[in-house]
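Everything below concerns the one structure shown next.
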Amino acid sequence: MSSWQLSNLSGPRYGYDFVIATTQSSINATMKYFLSGLTEPLVRYCFVADDDGNPVPIDFNELLKRTGNLDPFTLPGNLAGSDARVKKLIAARFLAGFRAQIGLPGGNDPGDIIVLGGDTSQVTFNMPCSEFTIMSLQGGLFGPIKTFKASQDPEKPWTFSSKVDLRLDPVDKGAYTNLPKDVKAAIMNLGADTFSVQQLLFDLTNSQLAANPPTISGVVLGSIEATLLDQYFRNGYFQTLRKNGEPILGATITSNLRQASTLHMTSFNFHTQTYQPVSATSYDLDVLNYLCAVDGKTLPPVANFDWNWVTPAELTDHDGVISVNRNAFSGWFRSQLSSVARANCWAFDVSAKYDVGKASVILTVSPSGYQTPKDNPSATGAQVINYTYSHSSFDQAGLNGALAKIGVDSSYSMTVAFADTAVTVTQNILVTLKLEALSSSSGPSNVVDKTIVDTYSVGVANDTLVFKKTATSSDRSNRQHIDGFRDLFLNYNAIVDSFGEALSRITSTNFVDIPVTQLQNFVFPGGRTFAFKKAAFSKNQDLVSLITYTDPRK
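This is how it looks when you write it as structure tokens:
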């Protein structure tokens, strides 16, 4: 059995409206593909000496003004202080700088970019750079000044690793809590790219979400490069970014389109989940969960799930799953079917009057449609919706009904069940006529007793849930007659048939199978990020679809 079949988002520990879970393996593969074609800005960050000789950052364009438009990164290393170009740098009080760009170095595999683990406040982010160059002036008081220049080896790139706090709930009091409002809004992106690797990269590179300045590997300890990176990148540059929560190396997101989803997400939080049982190779199955709430609901606290989302056998088939809470999905169904239910709820008011002038009994039935059914929600079980309605009316003519008695009872029910790959909608309408004339009666007659069962098999096409319908119906309507001798004098059977046909005609107007077009508009969240395949219900009636990342470059 697939792990997602145990999904139980309506359970008391959870309550999220929907969850998107993607594996560490798929995130890394998609992130690398995205980075291989990335055109992030080339960042140039430089430092000059203040009046006391301390390093202070300077805008690169301002530095160019001081150097007469001389770009220090165009100079080679080991240039003597007597060189005219070096003299310009000295005059500008240039100390050091670096030039870097996020991306894959030389197309080489940098290893895992993200390591999730089981602590959402300690997600490891290994930031790869397609280019990283350091430039500085060395020497000074007791030695000759010369330029120093070093770049990472594409075959052995420098790796900048940091622990990132991805907790977005203010209750957790994580790093996110202290961010400026505009930065919070950029991270808590509720647009079309919420679940994209572009957005995740933006979040991971936010300097204030990092617990500490990044550690650097691939550089020889004690070397000039290590000293410069530690002083100017880890401390000077990184600490400056932390003041405003700015992204490292200018990582950006390019789209803020609103999601074209049926479920209107209004808040979410991250949660990392370790595959159980843990083994030496199970880390690829660790998942990043997006815990989501819709329509302004309060997002429940983070809780570990009692099930894995993806099994080892499924790892090569899909990148993760989206699971929609049975209550959220049944709520959408209610919005689609409530008008159908009301249209089939009938009240019949009856009247029995004796007309002295005509010396006859006048019987009438007055229908009133679109009554309001009772909604009987179920917290557990396959049946997720149960509408019921009933109405009774009775009248009589003559002393104690000696001349005539008439009564009509009407009822309607609609149930919706989720199971496996099908939604089953069952409707029943029942109208019972009770008629007596001059003490003659055939007993209650179910003049209308019809049932329609619509079974919709669920699938996915173009990010939308699609339904294929089969319908069955049964008609157990029966109009009870009395024997012909008594009917000869009372015309009772004609009265029963007349009322029965009228009641059947009235109720049949709206009592039809539900057209499939009524349901063909449920759009999954994350359609700009994922492709969806297969849809089915878990053992606890959550709607689950398997997902794979789409091309992140498009």
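Per the numbering used here, the sequence shown starts with residue 44, numbered consecutively. Just so it is clear, CB atoms sit at the ideal spot from N, CA and C, and this is done for glycine as well. As the structure is a computational prediction, the values presented were derived from the model and not from experiment.
Residue i - partner residues in DSSP beta bridges
i: Met74; result: Note: Met74 sits in no beta bridge, so no partner.
i: Lys224; result: DSSP, once it has assigned bridges, lists no residue as partnering Lys224.
i: Ala390; result: Ser411
i: Lys401; result: BP columns for Lys401 are empty, so no partner.
i: Asp30; result: Since the displayed the chain opens at 44 and closes at 597, residue 30 lies outside it and no answer follows.
i: Lys189; result: Ala123 and Gln181
i: Arg87; result: Arg142
i: Asp196; result: Lys199
i: Phe510; result: Val501
i: Glu174; result: Gln144
i: Asn332; result: Ala64 and His314
i: Leu406; result: Ala395
i: Pro100; result: Phe90
i: Phe348; result: Paired residues: none, contrary to the question.
i: Ile495; result: Gln470 and Ser516
i: Ile157; result: Phe168
Status (buried if at least 16 other CB within 10 Å, exposed otherwise) for residue i
i: Ser547; result: buried
i: Pro200; result: buried
i: Thr464; result: exposed
i: Gly424; result: exposed
i: Ser378; result: exposed
i: Val321; result: exposed
i: Val129; result: buried
i: Tyr413; result: exposed
i: Asn104; result: exposed
i: Arg301; result: Confidence is the limiting factor: at Arg301 the pLDDT is only 45, short of 50, which leaves the residue's position unreliable, though a coordinate-based value still follows. Label assigned to Arg301: exposed.
i: Leu519; result: One point to set straight first is that residue 519 is Arg, not Leu, in the sequence displayed. It is exposed - the Cβ of Arg519 has fewer than 16 other Cβ atoms within 10 Å.
i: Lys417; result: exposed
i: Gly182; result: exposed
i: Leu406; result: buried
i: Leu272; result: buried
i: Ser205; result: buried
i: Asn312; result: buried
i: Glu198; result: exposed
i: Gly363; result: buried
i: Arg210; result: buried
i: Lys108; result: exposed
Chain-order list of residues whose beta-carbon lies under 8 Å from that of residue i (same chain, five-residue window excluded)
i: Val263; result: Ala269
i: Asp438; result: Val393, Ser394, Ala395, Lys448, Ile449 and Gly450
i: Leu541; result: A small fix is needed here, since residue 541 is Ser in this sequence, not Leu. Excluding positions up to five away in sequence, the list is empty.
i: Val587; result: Trp47, Gln48, Ser50, Val364, Ile365, Ser366, Val367, Ala578, Ala579, Phe580 and Ser581
Which of helix, strand or coil DSSP assigns to residue i
i: Ser381; result: helix
i: Ile133; result: helix
i: Asn505; result: coil
i: Arg210; result: coil
i: Asn489; result: strand
i: Phe311; result: strand
i: Arg301; result: Summary for Arg301: the model assigns pLDDT 45, below 50, so the residue's position carries little reliability; its value from the coordinates is reported in the next sentence. DSSP places Arg301 in strand when its eight states are reduced to three.
i: Leu531; result: Because Leu531 carries a pLDDT of 48, less than 50, the predicted location of this residue cannot be relied on, and no value is offered for it.
i: Asp362; result: coil
i: Met44; result: With a pLDDT of 48 at Met44, under the threshold of 50, the predicted position of this residue should be treated as unreliable, and no value is reported.
i: Gly54; result: coil
i: Ser373; result: helix
i: Ser79; result: helix
i: Asp338; result: coil
i: Asn249; result: strand
i: Pro568; result: coil
i: Ser541; result: helix
i: Ala356; result: helix
i: Thr423; result: coil
Close beta carbons around residue i, own chain, < 7 Å, minus the five adjacent residues each side
i: Ala14; result: The structure shown does not extend to residue 14, since the chain spans only 44 to 597, so no value can be given for it.
i: Phe61; result: Leu306, Cys335, Ile365, Ser366, Val367, Asn368, Ala371 and Pro568
i: Asp327; result: Thr66, Gln67, Ser68 and Leu358
Residue i Cβ short of 8 Å to the ligand MG heavy atom set
i: Asp492; result: In the structure on display, the ligand MG does not appear, and there are no ligands present to speak of.
Delimiting residues of the beta strand (DSSP E) encompassing residue i
i: Lys206; result: Thr202 to Val207
i: Thr591; result: Leu586 to Tyr592
i: Phe580; result: Phe573 to Phe580
i: Ile259; result: Thr258 to Ser260
Start-to-end residues for the alpha helix (DSSP H) that takes in residue i
i: Phe103; result: Phe103 to Thr110
i: Thr270; result: Ile267 to Leu271
Residues near residue i in its chain [Cβ-Cβ closer than 6 Å; skip 5 each side]
i: Lys511; result: Ser500
i: Tyr455; result: Asn387, Cys388, Tyr432 and Ile472
i: Asp452; result: Ser435 and Thr475
i: Val240; result: Thr73, Met74, Phe77 and Pro595
i: Tyr397; result: Val404, Ala440 and Leu446
i: Thr469; result: Thr458 and Val496
i: Thr297; result: Model confidence at Thr297 stands at a pLDDT of 45, short of 50, so the residue's coordinates are unreliable; what they give is reported in the following sentence. Contacts found: none.
Any chain D beta carbon closer than 9 Å to residue i
i: Ala228; result: Reference to chain D is not applicable here, since this structure consists of a single protein chain.
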